[in-house]
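Using the UniProt record's numbering, you'd call the opening residue of the sequence shown number 1 and step up by one each time.
For every residue, glycine included, the Cβ atom is placed at its ideal position computed from N, Cα and C.
Worksheet for the structure shown next.
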Amino acid sequence: MLQGYFATLDDESVTDVYDMVIQQVEKPLIEFVLQQTAFNQSQAANILGMNRNTLKKKMQRYQIENA
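In structure tokens:
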């Protein structure tokens, strides 16, 4: 993923690599953990190492709804 990103830059400066990687990884990770916990948000938040309210905000940001 990162090699492809850097390869397409030509002579442009590199910025926001951290945000790009987080956006690519965070949503699928949250979706996977929620599926593994049958959408138990407290359990999923614990597995992810975050507060349940933080998980809820991220679910809203990524438009992840309870299945």
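Member of the options whose CA lies at the smallest distance from the CA of residue i
i: ILE64; options: THR37, PRO28 and GLY49; result: PRO28
i: LYS58; options: ASP19, VAL21 and ILE30; result: ILE30
Coarse secondary structure for residue i, derived from DSSP in three states
i: VAL14; result: coil
i: THR54; result: helix
i: GLY4; result: helix
i: ILE64; result: coil
i: ASN46; result: helix
i: VAL9; result: In the sequence as displayed, the identity of residue 9 is Leu instead of Val. Coil at LEU9, not helix or strand.
i: PHE39; result: coil
Residue environment, residue i, which counts as buried when at least 16 other CB atoms sit within 10 Å
i: GLU45; result: Sequence inspection shows Ala at residue 45; the Glu mentioned does not correspond to that position. Burial call: buried.
i: LEU2; result: exposed
i: LEU34; result: buried
i: LEU55; result: buried
beta-carbon residue i near the ligand NAD non-hydrogen atom, thresh 7 Å
i: ALA38; result: Although the ligand NAD was asked about, the structure shown includes no ligands whatsoever.
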